[in-house]
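Let me begin by presenting the structure, written as structure tokens, before commenting on it.
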Amino acid sequence: MSDLFKPGPEQKFTFGLWTVGSIGRDSFGEPVRQTMSPVDLVHLLAGVGAYGVNFHDNDLVPIDATSAQRDRIVSNFKNALAETGMVVPMATTNLFSDASFKDGAFTSNDPKVRAYALQKTLNAIDLGVELGAKIHVFWGGREGTETDAAKDPLEAGKRTREAMNFLCEYVKDNGYDLKFALEAKPNEPRGDIYLPTTGAMLGFIATLDHPEMVGVNPEVAHEHMAGLNFLHAVAQAWDAGKLFHIDLNDQAFGRYDQDFRFGAVNIKSAFFLVKFLEDVGYQGSRHFDAHAYRTEDYEGVKSFARGCMRTYLILMDKAARWNADSEIQALLLEINADDGSMEAFKGSYSTAKAAALKEQDFDRQSMGSKGLAYERLDQLTVDLLLGTR
Ligand code: DIG
Ligand code: MN
Ligand code: MN
């Protein structure tokens, strides 16, 4: 592949240990790849040009490891980071694999499970901070139901709020330089998952004691599973100052969580997302929460990882071309033309402004008959993406 689209630290491309470390087990099949150690995965990621590596607590330290084993694992991991120059921008807690979380973690009906989930998260926060993480993600994969007979959604919300408030206080109490990013998903592995979309998460954050410490980690596949426009979810998060992290991958609509390589399905929506992130100057990690096809060996896994970053870089180039394309930009100027006749009605409210607006005549016929040239604009975009301009 050409060196033109070579990843560098400036893009902050990161992968979770669980992504390139996925051994291809799924609900209908056994693993197809051998397990690689976290140290080997760090070297694999460094070898393909990634900037950083993220992990769930148990991706790195097995749930039943002794403290001596934990210390040795962490020390070896730190050595691999030092040898490769890789960093750990984000960590997270696995609150979904162990059987004890079968009915949720923070929202479990069992108070012992809720307390254990908090304890596990405190330890995972400590581990992430020890390795340099500045963001801790919460994906509530088991926080949901198959029957609403089993759990009052109000109570589930209160339990989640109580846990998040407790954990924010823990970070403050320990003086950690750490923020939380909540990741939404509408379903799978639960029949329905609470707080199913990024928009729902944004509303929930406003109810917390320390909302300034909590943002969102939108994932392409998860908004697509809900049939939503991912760019619009990201733009709303950005507008609210809450885009603390982002999970990039791809996903066909109306399917289970496919976690495909970035841009593998919806190249046009991936383009508009990349253009948005680059236009607004997003400074966070570009995290690929995805995994290679189950058909692949580790050479295929490396192709997967390189492909995520390469497609992002190609779309960055396309975005710069779109922004510099004179025909596209001329069309945008035309579309957004403003003759200044409505200046009096812009901005904040006044009694006089409302009275004047009520007296204003509008020519609905002329407004409704105006052609907007969106077909031409979109075709110019498709031409640019297909390389014919
Ligand atoms: C799944 O999309 C979730 C988990 O892999 C993890 O908790 C989070 C971090 O990106 N994404
Ligand atoms: Mn996913
Ligand atoms: Mn994710």
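Residue numbers (the working numbering): 104 to 492. Positions of the beta carbon are idealized from the N, C-alpha and C atoms, including for glycine.
Practice task
Compare the Cα-Cα distances from Gly-231 to each of Phe-241, Val-191, Arg-245 and Gln-222 and report the closest residue.
Solution key: Out of Phe-241, Val-191, Arg-245 and Gln-222, Val-191 has the C-alpha closest to the C-alpha of Gly-231.
Exercise for the section: Spatial neighbours of Val-164 within its chain, please: CB distance less than 6 Å, with the 5 preceding and 5 following residues excluded, ordered by chain position. Expected result: Contacts found: Arg-173 and Ile-176.
Exercise for the section: Would you check whether ligand 3 has a heavy atom nearer than 7 Å to the C-beta of Asp-392? Expected result: With a cut-off of 7 Å, the C-beta of Asp-392 is classified as near ligand 3, since at least one heavy atom of the ligand falls inside that distance.
Handout entry: Sub-8 Å separation of Tyr-297 and Ala-259 beta-carbons
Key = Closer than 8 Å, so yes.
Handout entry: Local Cβ density within 10 Å of Ser-211, reported as buried at 16 or more and exposed below that
Key = Counting Cβ neighbours within 10 Å, Ser-211 comes out buried, since at least 16 surround it.
Practice task
Return yes when the Cβ of Arg-245 is within less than 8 Å of the Cβ of Ala-208, no when it is not.
Solution key: A Cβ-Cβ contact shorter than 8 Å links Ala-208 with Arg-245.
Handout entry: Close-in-space but distant-in-sequence residues of the same chain around Asn-290 (CB under 6 Å, 5 per side omitted)
Key = Cβ within range, chain order: Ile-296.
Exercise for the section: With DSSP as the reference, label Asp-143 as helix, strand or coil. Expected result: Helix.
Exercise for the section: Enumerate in chain order the residues of its own chain whose CB-to-CB distance from Asp-400 is below 7 Å, with the five nearest sequence positions on each side excluded. Expected result: Its chain contains Arg-136 as the residues whose beta carbon lies nearer than 7 Å to that of Asp-400, once the 5 sequence neighbours on both sides are disregarded; these appear in chain order.
Practice task
Report the option in Pro-256, Gly-318, Gly-302 and Ala-303 whose CA atom is closest to the CA atom of Lys-282.
Solution key: For Lys-282, the nearest C-alpha among the options comes from Gly-318.
Practice task
Taking only heavy atoms of ligand 3 into account, decide whether any of them is closer than 7 Å to the Cβ of Glu-322.
Solution key: Correct: Glu-322 has its Cβ closer than 7 Å to ligand 3.
Practice task
Using 10 angstroms around the beta-carbon of Leu-213, count the other beta-carbons present and answer buried if the total reaches 16, otherwise exposed.
Solution key: Residue identity differs from the one stated: residue 213 is Asp in this sequence, not Leu. So Asp-213 counts as exposed.
Problem - Status (buried if at least 16 other CB within 10 Å, exposed otherwise) for Thr-454 - result: Looking at its Cβ environment, which holds fewer than 16 other Cβ atoms inside 10 Å, Thr-454 is exposed.
Practice task
Assess, as a yes-or-no matter, whether the region 432-452 is touched by the region 388-398 under the definition of 3 or more beta carbon pairs within less than 8 Å.
Solution key: In short, these stretches do not touch, since the Cβ pair count stays below three.
Handout entry: Any non-hydrogen atom of ligand 2 closer than 7 Å to His-325 Cβ
Key = Because some heavy atom of ligand 2 lies under 7 Å away, the Cβ of His-325 counts as near it: yes.
Problem - Those residues which DSSP pairs with Asp-353 across a bridge - result: The partner list for Asp-353 (beta bridge, DSSP) reads Phe-363.
Practice task
Could you say which of Thr-122, Met-412 and Leu-380 lies nearest to Asp-106 if we only look at CA atoms?
Solution key: Ranking the options by Cα distance to Asp-106, first place goes to Met-412.
Handout entry: 3 or more residues per run - each beta strand (DSSP E) lying fully within the region 278-353
Key = With a minimum length of 3 residues, the continuous beta strand (DSSP E) runs that stay inside the region 278-353 are 282-286 and 317-319.
Practice task
Identify, in the order they occur along the chain, each residue of the same chain with its Cβ nearer than 8 Å to the Cβ of Asp-162, setting aside the five sequence neighbours on each side.
Solution key: Hits under 8 Å: Gly-119, Leu-120, Trp-121, Gly-124, Pro-141 and Asn-197.
Handout entry: Whether Met-189 touches Ala-153 by CB criterion (8 Å)
Key = Going by C-beta atoms, Met-189 is nearer than 8 Å to Ala-153.
Exercise for the section: Please say whether Phe-365 and Ala-422 have beta carbons closer to each other than 8 Å? Expected result: The Cβ-Cβ distance between Ala-422 and Phe-365 does not fall below 8 Å.
Handout entry: Ile-238 versus Asp-312: straight-line alpha-carbon distance, rounded
Key = If you take the alpha carbons of Ile-238 and Asp-312, they lie about 18 Å apart.
Exercise for the section: Report whether the distance from the Cβ of Glu-286 to the nearest heavy atom of ligand 3 is below 7 Å. Expected result: Glu-286: yes, Cβ under 7 Å from ligand 3.
Problem - Minimum C-alpha distance to Glu-430 - residue among Trp-341, Thr-484 and Pro-292 - result: That would be Thr-484, whose Cα lies nearest to the Cα of Glu-430.
Handout entry: C-beta contact flag for Ala-336 and Pro-321 at 8 Å
Key = Contact: yes.
Problem - Member of Gly-132, Lys-345 and Phe-241 whose CA lies at the smallest distance from the CA of Gly-306 - result: When only C-alpha atoms are compared, the closest one is Lys-345.
Handout entry: Arg-492 (DSSP reduced to helix, strand or coil)
Key = Here Arg-492 sits in coil by DSSP.
Practice task
Say yes only if the C-beta of Trp-425 is nearer than 7 Å to one or more non-hydrogen atoms of ligand 3, and no if none qualify.
Solution key: Because no heavy atom of ligand 3 lies under 7 Å away, the Cβ of Trp-425 does not count as near it: no.
Handout entry: beta-carbon Trp-242 near ligand 3 non-hydrogen atom, thresh 7 Å
Key = The beta carbon of Trp-242 sits closer than 7 Å to at least one heavy atom of ligand 3.
Problem - Rounded separation between Phe-158 and Leu-257 - CA only - result: Distance between the alpha carbons of Phe-158 and Leu-257 is about 31 Å.
Practice task
Output yes or no for whether 8 Å exceeds the beta carbon distance between Gln-354 and Met-316.
Solution key: Cβ atoms of Gln-354 and Met-316: not closer than 8 Å.
Problem - Check whether Phe-108 and Leu-416 have beta carbons under 8 Å apart - result: Yes; because the gap between Cβ atoms is below 8 Å, this pair is in contact.
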